[in-house]
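Heads up, the sequence shown stops at 544 in this note's numbering, and the numbers go up one at a time, no gaps.
Glycine included, C-beta positions come from ideal geometry on N, C-alpha and C.
Structure first, then comments.
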Amino acid sequence: MIHKFGFFLFGVIVIIIVSLTSCAVDDPFSSDTKQGLIFSEDTIRMDTIFATIPSSTRSFWVYNRTNENLRFDVVLEKGNQLGYRVNVNGLYLSTTKGSQLRDVELKRNDSIRVFVELTAREQNQEEISLLEDKLSFIFGSGLRQEVVMRTYVLKADIIDTWTVEADTEWLSTRPCFVRKGIVVKENATLTIGEGAKFYFDSQASLRVEGRLLCKGTPEKPITFRGTRLDNIDKRIPYDRISGQWKGIVIGHNSYGNSMNAVDIHSAKNGISCDSTEDVQRSKIEIFQSWIHNCDGYGLSAVNAKIHIENSIISNTSKNCLAFHGGDISLNGVTVAQFYPFVGGREKALYVSEQSPLHFNMLNSIVTGYGDSEIEIVKEDGSKESVYKFAHCLLRTNLPTAQNDLSHFENNVYEEPKDTVGVGIFQFSDIDLQTLYYNFRLKKGAKAIGLADPKSAPRTDYAGRQRDSLPDAGAYEFLEN
């Protein structure tokens with residue numbers, strides 16, 4: 065036993081001596097190399113950012129795959145003139161040190177990580193500018209290697225909190241970055257002109273207690289969206305991820321709101337209408353608009369008077385449209401429930417007789433992944449409620465009860481097993497891999513020619529004339 069212990073102790077001592085000797089004779093670092101470094105990327109693209117707003121952080125790896133330990137300098141060529149900030153393996157290239165690091169050491173077959181951020185200063189250009197700098201890795205041998213940093217910068221109006229207390233027009237087409245929110249007070253009207261673009265931060269919303277008038281055009285729509293301009297990966301922009309901002313709230317005493325050619329996307333809830341007392345007054349009218357990709361409802365309302373025409377409401381975690389009573393009129397609308405982020409998505413259309421209901425859907429499409437995408441919740445003894453579907457393509461079962469049949473006229477019903485002309489297969493340009501959705505009809509869609517020529521809108525979502533045999537939904541089909 066003593067012999068074995070002595071042998072073990074001798075082995076431990078030998079290992080310690082060898083380790084210490086190895087450290088003592090480790091190869092020196094050299095800057096006299098012709099081989100240089102390997103980079104995981106030769107160009108760092110920060111996508112597009114707003115001037116004065118810090119970017120997200122990008123990073124890349126630097127590898128030493130030579131047989132020697134290397135020493136080099138790292139230099140940010142334009143210093144801090146453009147607003148780039150660089151951290152090399154935990155060491156910041158500060159302006160006090162000339163935006164450079166001296167004698168950075170990297171052992172053979174080892175690597176270091178470099179982090180890059182940018183806060184761009186205001187540019188003189190009106191719209192967009194390109195900021196480009198280089199990070200140089202310099203050796204004593206004269207070898208110089210570069211990684212390019214390239215970013216497009218949008219000049220934007222920055223709003224922290226904006227309270228609209230009197231009638232106000234917003235006619236600028238320059239991007240508007242909203243940090244906390246916009247509130248339109250009672251007795252005030254905010255009018256937004258064509259081509260306006262509002263980018264809301266994650267906790268920001270637009271709340272309307274007065275009145276909101278959006279006067280976009282199909283050629284120059286008004287956009288409400290989140291602030292992320294970069295990509296989640298090389299193929300998918302963050303803008304296609306839901307829940308990027310809070311959405312639009314129409315308050316209890318707000319009436320007479322109107323939206324023409326508005327794009328609302330990637331919000332928590334697209335439009336939420338608080339309950340109202342006067343269902344005779346219009347809560348909101350929506351024309352040629354798109355509410356898309358919401359982490360809650362597309363549009364929800366309680367006991368409100370709402371008209372929607374030539375519009376798309378699509379891809380929401382909860383219902384695309386949810387109406388609890390009210391006076392609802394829909395014409396030439398596409399309601400599509402193909403929300404990609406959860407399996408428990410709710411139905412495309414929810415209608416409840418919680419309050420007296422007058423619901424009229426004409427010349428429209430209701431579709432989605434589910435076997436049935438329409439839910440009608442009836443209240444016992446609700447004699448004041450009336451609802452009607454006519455000349456629509458509906459993903460639901462044809463009612464069998466005679467009382468229910470009276471509410472459905474000249475509709476076509478999607479069969480879940482069908483793979484031609486219905487469901488996701490009726491639309492011309494949808495890419496599930498990149499989360500890109502375009503709800504134009506393609507040849508063979510069962511919605512083609514389904515609308516009633518007498519009641520269908522004269523034009524479609526894109527502003528094109530409908531023909532003598534118009535199509536159901538927001539888009540009129542056109543042969544290429």
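Proximity winner among the options, relative to residue i (alpha-carbon distances)
i: K369; options: S330, I256, N317 and I223; result: N317
i: L146; options: R214, D91 and K261; result: R214
i: F288; options: I113, S266 and D495; result: S266
i: K298; options: R109, A536, V247 and G307; result: R109
i: V272; options: G280, T255, K284 and C358; result: T255
i: E105; options: K171, I300 and L199; result: L199
i: S306; options: I296, D327, D359 and G274; result: D359
i: S12; options: K332, D342 and Q344; result: No answer is possible for residue 12: the residues shown for the chain start at 65 and end at 544.
i: E210; options: D174, L293, V126 and T227; result: V126
i: D174; options: R129, D137 and Q344; result: R129
i: S519; options: S393, Q344 and S419; result: S393
i: D486; options: G434, K161, G100 and V415; result: The sequence given here has Val at residue 486, not Asp. Among G434, K161, G100 and V415, the Cα nearest to that of V486 is on G434.
i: F546; options: A220, T281, I300 and T232; result: No statement about residue 546 is possible, as the shown extent of the chain runs from 65 to 544 and does not include it.
i: R208; options: S449, T160 and G100; result: G100
i: G280; options: G320, W234 and E132; result: W234
i: T253; options: G162, T237 and T227; result: T227
Proximity below 8 Å, CB of residue i to CB of residue j
i: Q401; j: A386; result: no
i: N383; j: Y403; result: no
i: A538; j: G396; result: yes
i: E349; j: S375; result: no
i: T183; j: T97; result: no
i: S353; j: A325; result: yes
i: C240; j: F262; result: yes
i: L157; j: D137; result: no
i: V150; j: V180; result: yes
i: V178; j: F124; result: yes
i: H455; j: D516; result: yes
i: E417; j: E443; result: yes
i: D294; j: D111; result: yes
i: Q490; j: A511; result: yes
i: P521; j: E373; result: yes
i: R459; j: S436; result: yes
Cα-Cα separation, residue i to residue j
i: N251; j: V313; result: 16 Å
i: L195; j: R122; result: 15 Å
i: V152; j: G143; result: 15 Å
i: Y216; j: I113; result: 6 Å
i: S378; j: N357; result: 6 Å
i: N474; j: D303; result: 38 Å
i: L514; j: L505; result: 12 Å
i: I440; j: K481; result: 23 Å
i: I335; j: F351; result: 14 Å
i: H422; j: D524; result: 25 Å
i: T85; j: P92; result: Since pLDDT at T85 reaches only 40, below the 50 mark, its modelled position is unreliable, and the value read off the structure follows with that caveat. One C-alpha to the other measures close to 14 Å.
i: R172; j: E186; result: 43 Å
i: L426; j: D391; result: 14 Å
i: E540; j: I429; result: 12 Å
i: D338; j: S330; result: 21 Å
i: L469; j: L462; result: 8 Å
i: A230; j: K310; result: 24 Å
i: D535; j: V399; result: 14 Å
i: G527; j: P285; result: 12 Å
i: V247; j: G154; result: 43 Å
i: N367; j: D197; result: 57 Å
i: G508; j: G432; result: 18 Å
i: V600; j: F453; result: This structure cannot speak to residue 600, because the chain is shown only from 65 to 544.
i: G315; j: G245; result: 15 Å
i: N424; j: Q308; result: 32 Å
i: T380; j: H371; result: 20 Å
i: I488; j: S449; result: 32 Å
i: L140; j: N502; result: 43 Å
i: A88; j: S120; result: Because the pLDDT of A88 is 38, which lies under 50, any placement of that residue in the model is unreliable, and the number read from its coordinates should be weighed accordingly. Taking the straight line joining both Cα atoms gives about 42 Å.
Bridge partner(s) assigned by DSSP for residue i
i: V126; result: F103 and I176
i: M110; result: Paired residues: none, contrary to the question.
i: C23; result: Because the chain in this structure spans residues 65 to 544, residue 23 falls outside the shown range and cannot be described.
i: E196; result: R214
i: V486; result: Answer is none; V486 lacks a bridge partner.
i: D294; result: For D294, which the question treats as bridged, DSSP gives no partner whatsoever.
i: P301; result: N295
i: N475; result: Answer by DSSP bridge pairing: none, since N475 is not bridged.
Segment limits, beta strand (DSSP E) that includes residue i
i: R459; result: R459 -> no beta strand (DSSP E), and no H or E assigned at all.
i: S470; result: Counting along the chain, S470 falls outside any beta strand (DSSP E), and DSSP gives it neither H nor E.
i: R149; result: Y148 to V152
i: P420; result: L413 to L426
i: C384; result: No beta strand (DSSP E) contains C384, which DSSP labels as neither H nor E.
i: Q352; result: That residue, Q352, is in no beta strand (DSSP E); it is neither H nor E in DSSP.
i: N251; result: Counting along the chain, N251 falls outside any beta strand (DSSP E), and DSSP gives it neither H nor E.
i: A184; result: Looking at the DSSP string, A184 is not in any beta strand (DSSP E), and its letter there is neither H nor E.
Proximity test, residue i beta-carbon vs the ligand NAP heavy atom, cut-off 7 Å
i: V272; result: Of ligands this structure carries none, so the ligand NAP is not represented either.
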